[in-house]
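Colleague: Here it is, the structure in full.
Residue numbers (my numbering): 638 to 1121.
Below, the structure is given as structure tokens:
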């Protein structure tokens, strides 16, 4: 049964049965970077970032140009990768929360069908912000004790092996992640195909990678204020990605040297966007548009796919590659399915911003900032559920370059457009962007009379999705909006 993969080519994937299927099912290696916007890679059109290994991987496989994370936050997004469902649908709406036992993950299906499964690398966020063997040190003790006493820590039971590194010294621990990869490869059951989700700490803050990018020589995106501090922060982000690229290069070399490359499906993605302007914690493209590369030698033709897809699709893709059915409860679709073909059907993907970080109530409500988003082929609608609250950037608000911009704003020395973008005390309830003609999302079309039908159609679709997910937030139906 041949299966097409969008505009990028044909997948020569055969549905097999019995022992023949077991022998030919691929190993699956899922590489996940932490806080990685799609714009920050060479193969995504950024000549300033040095990513030779990831660029090579993209040239050998399929690069999905429009992959959106289900959330601009690690915990929520990773839950969606694991379950193929939106964060709200699996009750992962708070930063420090374990994935409930009743929500099944796709590695469990792989394990039940004969795969040897594992998680390794940076704390993978799914039993709370940090989980696994070393996780207790990274969680609030009161919360951790309750998790343990109630049996809420489940991932060591869901996998054959779980290994994590602590997050305290990221520059040292990046080397430990690949050591864990080699340990997994050495001690796994070699009579079984393997699944491993290997989680990297880069390019998450703090930025401590060796400097290889010249801050004066990089090109700033147009939504970046041009100050020396801003330039240094972006260059340091690129340095993190260069280090990540080197680490992934070691893993790809290992597959080549051990003869496993041809029998291994490699998927690389970021969990959400970087701690940059309009990035992590926002539903703008730098916050939710992430890299996604799929390489399966002999099965997936190389190319580029420009249809909107979600990182929720990874779960269904892995099950499909293993010859397993995709559960109906999964919203994600296999990237090997015909939904990417030019069949005239439209695909909409959804993103959800939930609680982030520690509780700062009642002094600051930014930790509870709730946003929802729907993205189609051309238009994106953002629903700011708390529009009267100011936006607080995630992971960078206290960094010197942002503090300096705040001072410039207060002194009226910052360009008005940047002041409005980053320091407004309120936001519109709805934002509508033409992401084809306005890729940097600079012109809000929500109140444009010519765009009301587009706006209301997307609001209606988002309303239906929130009902289906049993979302706890107020619905955004257009009739409500018109009465404001």
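Glycine included, every Cβ here is placed at the ideal spot set by N, Cα and C.
Please go through the same chain and pick out, in chain order, the residues whose beta-carbon is closer than 8 Å to the beta-carbon of residue 872, but skip the five residues on each side of it.
Modeller: For the purposes of this step, residue 872 is taken as residue 235 along the chain shown, with counting starting at 1. The residues are 848, 850, 851, 852 and 855.
Colleague: For a test of the three-state rule: what should DSSP assign to residue 706, helix, strand or coil?
Modeller: If you number the chain shown from 1, residue 706 lands on position 69. Correct three-state label for residue 706: coil.
Colleague: Hey, residue 735 and residue 790: beta-carbon distance below 8 Å or not?
Modeller: Here residue 735 is taken as the residue at index 98 of the chain shown, counted from 1. Here residue 790 is taken as the residue at index 153 of the chain shown, counted from 1. Cβ distance < 8 Å, so residue 735 and residue 790 count as in contact.
Colleague: Closer than 8 Å is the cut-off here; do at least three beta carbon pairs connect the stretch 822-840 with the stretch 739-759?
Modeller: Yes, they touch.
Colleague: Suppose the cutoff is 6 Å on Cβ atoms and the five residues either side in sequence are ignored; what does the same chain contact list for residue 876 look like?
Modeller: Taking the first residue of the chain shown as position 1, residue 876 is located at position 239. The answer, listed in chain order, is 846, 848, 849 and 850.
Colleague: CB residue 920 to CB residue 990, shorter than 8 Å?
Modeller: Walking along the chain shown from the start, residue 920 turns up at place 283. Walking along the chain shown from the start, residue 990 turns up at place 353. Closer than 8 Å, so yes.
Colleague: Taking the alpha-carbon positions, what's the residue 917 to residue 868 distance?
Modeller: One-based indexing of the chain shown puts residue 917 at position 280. One-based indexing of the chain shown puts residue 868 at position 231. Straight-line Cα distance between these residues: approximately 18 Å.
Colleague: Would you mind giving the Cβ-Cβ distance between residue 748 and residue 801, rounded to the nearest angstrom? I have them listed as a contact below 8 Å.
Modeller: On the chain shown, position 111 is the one that residue 748 refers to. On the chain shown, position 164 is the one that residue 801 refers to. About 19 Å separates the two Cβ atoms, so there is no contact after all.
Colleague: Using the rule of at least 16 other Cβ atoms within 10 Å of the residue's Cβ for burial, across every protein chain shown, is residue 1080 buried or exposed?
Modeller: Start at 1 with the first residue of the chain shown, and residue 1080 comes out as number 443. The residue is exposed, with fewer than 16 neighbouring Cβ atoms inside 10 Å.
Colleague: Check this for me: beta carbons of residue 694 and residue 889, under 8 Å apart or not?
Modeller: On the chain shown, residue 694 is found 57 positions in, with the first residue counted as 1. On the chain shown, residue 889 is found 252 positions in, with the first residue counted as 1. Cβ atoms of residue 694 and residue 889: closer than 8 Å.
Colleague: What's the gap between the Cα of residue 656 and the Cα of residue 914?
Modeller: The count along the chain shown starts at 1 and reaches residue 656 at position 19. The count along the chain shown starts at 1 and reaches residue 914 at position 277. Annotation note: pLDDT 37 at residue 656 (below 50); position unreliable, no value reported.
Colleague: Determine the contact status of residue 993 and residue 941, defining contact as a CB-CB distance below 8 Å.
Modeller: What you label residue 993 is simply residue 356 of the chain shown in a count that begins at 1. What you label residue 941 is simply residue 304 of the chain shown in a count that begins at 1. Not a contact, by the Cβ cut-off of 8 Å.
Colleague: Kindly provide the ranges of any alpha helix (DSSP H) runs that are 4 or more residues long and lie completely inside the stretch 1028-1072, ordered along the chain.
Modeller: Counting whole runs of 4 or more residues, the stretch 1028-1072 contains the alpha helix (DSSP H) stretches 1037-1047 and 1053-1060.
Colleague: In whole angstroms, what separates the C-alpha of residue 1040 from that of residue 1027?
Modeller: Here residue 1040 refers to the residue found at position 403 when the chain shown is read from its first residue. Here residue 1027 refers to the residue found at position 390 when the chain shown is read from its first residue. Answer to the nearest angstrom: the Cα atoms are 16 Å apart.
Colleague: Taking three-plus beta-carbon pairs below 8 Å as touching, is the stretch 1073-1093 in contact with the stretch 687-705?
Modeller: In short, these stretches do not touch, since the Cβ pair count stays below three.
Colleague: If you run the structure through DSSP and keep just helix, strand and coil, what is residue 798?
Modeller: Against the chain shown, residue 798 aligns to sequence position 161. Strand, per DSSP.
Colleague: Which residue marks the beginning of the alpha helix (DSSP H) containing residue 1008, and which one marks its end?
Modeller: Numbered from 1 along the chain shown, position 371 holds the residue referred to as residue 1008. From DSSP, residue 1008 is part of no alpha helix (DSSP H) but of the beta strand (DSSP E) over 1008-1012.
Colleague: Helix or strand or just coil, what does DSSP make of residue 743?
Modeller: Looking up residue 743 in the chain shown gives position 106. Here residue 743 sits in helix by DSSP.
Colleague: Who are residue 711's beta bridge partners in DSSP?
Modeller: Counting from 1 along the chain shown, the entry for residue 711 is found at position 74. Looking at the DSSP assignment, residue 711 forms no beta bridge with any residue, so it has no partner.
Colleague: How about residue 926: is its Cβ closer than 7 Å to a heavy atom in the ligand FMN?
Modeller: The model depicted lacks the ligand FMN and carries no ligand whatsoever.
Colleague: Going by C-alpha distance, which of 1105, 1067 and 1107 is nearest residue 1091?
Modeller: Taking the chain shown and counting its residues from 1, the one referred to as residue 1091 is at position 454. Measuring from the Cα of residue 1091, the nearest candidate turns out to be 1067.
Colleague: Does residue 1109 pass the burial test, meaning 16 or more other C-beta atoms within 10 Å, or should it be called exposed?
Modeller: The residue labelled residue 1109 in the question sits at position 472 within the chain shown. Residue 1109 comes out exposed.
Colleague: Taking the alpha carbon of residue 823 as the point to measure from, which residue in 716, 897 and 811 has its own alpha carbon closest?
Modeller: The residue labelled residue 823 in the question sits at position 186 within the chain shown. Comparing Cα-Cα distances from residue 823 to each of 716, 897 and 811, the minimum goes to 897.
Colleague: Can you give the Cα-Cα distance for residue 1113 and residue 1069, rounded to whole angstroms?
Modeller: Within the chain shown, the letter at position 476 stands for residue 1113. Within the chain shown, the letter at position 432 stands for residue 1069. The straight-line gap from Cα to Cα measures roughly 14 Å.
Colleague: Taking 8 Å as the cut-off, decide whether the C-beta atoms of residue 812 and residue 669 are in contact.
Modeller: Position 175 of the chain shown, counting from 1, holds the residue named residue 812. Position 32 of the chain shown, counting from 1, holds the residue named residue 669. No. Outside cutoff.
Colleague: Could you check how far apart the C-beta atoms of residue 926 and residue 910 are, in whole angstroms? I think they sit under 8 Å.
Modeller: Locating residue 926 in the chain shown gives position 289, counting from the first residue. Locating residue 910 in the chain shown gives position 273, counting from the first residue. Confirmed, about 7 Å.
Colleague: In terms of alpha-carbon separation, which member of 946, 928 and 968 lies closest to residue 688?
Modeller: Locating residue 688 in the chain shown gives position 51, counting from the first residue. It is 928.
Colleague: So, helix, strand or coil for residue 827, using DSSP?
Modeller: As a position in the chain shown, residue 827 is number 190, starting the count at 1. In this structure, residue 827 counts as coil in the three-state DSSP scheme.
Colleague: Buried or exposed: residue 1107, going by 16 or more other Cβ atoms within 10 Å of its Cβ?
Modeller: Mapped onto the chain shown, residue 1107 falls at position 470. Looking at its Cβ environment, which holds fewer than 16 other Cβ atoms inside 10 Å, residue 1107 is exposed.
Colleague: Name, in chain order, the residues that DSSP records as bridge partners for residue 669.
Modeller: Locating residue 669 in the chain shown gives position 32, counting from the first residue. Per DSSP, 836 and 906.
Colleague: Tell me the rounded alpha-carbon separation between residue 1001 and residue 795.
Modeller: In the chain shown, residue 1001 corresponds to position 364, counting from 1. In the chain shown, residue 795 corresponds to position 158, counting from 1. If I take the Cα positions, the gap works out to 37 Å.
Colleague: Starting from the C-beta of residue 1044, find all residues in its chain whose C-beta is less than 7 Å away, skip the five residues before and the five after it, and write them out in chain order.
Modeller: Position 407 of the chain shown, counting from 1, holds the residue named residue 1044. Excluding positions up to five away in sequence, the list is empty.
Colleague: What is the DSSP secondary structure of residue 937, counted as helix, strand or coil?
Modeller: Residue mapping note: residue 937 aligns to position 300 of the chain shown, counting from 1. DSSP places residue 937 in strand when its eight states are reduced to three.
Colleague: Compare the C-beta of residue 1015 with all C-beta atoms of chain B and state if any pair is closer than 8 Å.
Modeller: The question asks about chain B, but that chain is absent: this structure has only one protein chain.
Colleague: Looking only at its own chain, which residues have a Cβ that is under 6 Å from the Cβ of residue 946, when we skip the five neighbours before and after it?
Modeller: Within the chain shown, residue 946 is the residue found at index 309, counting from 1. Excluding positions up to five away in sequence, the list reads 701 and 704.
Colleague: If you drop the 5 nearest sequence neighbours on each side, which residues of the same chain put their C-beta closer than 6 Å to that of residue 969?
Modeller: As a first step, residue 969 must be located in the chain shown, where it is residue number 332. So the list reads 721, 949, 950, 952 and 953, once near-sequence residues are dropped.
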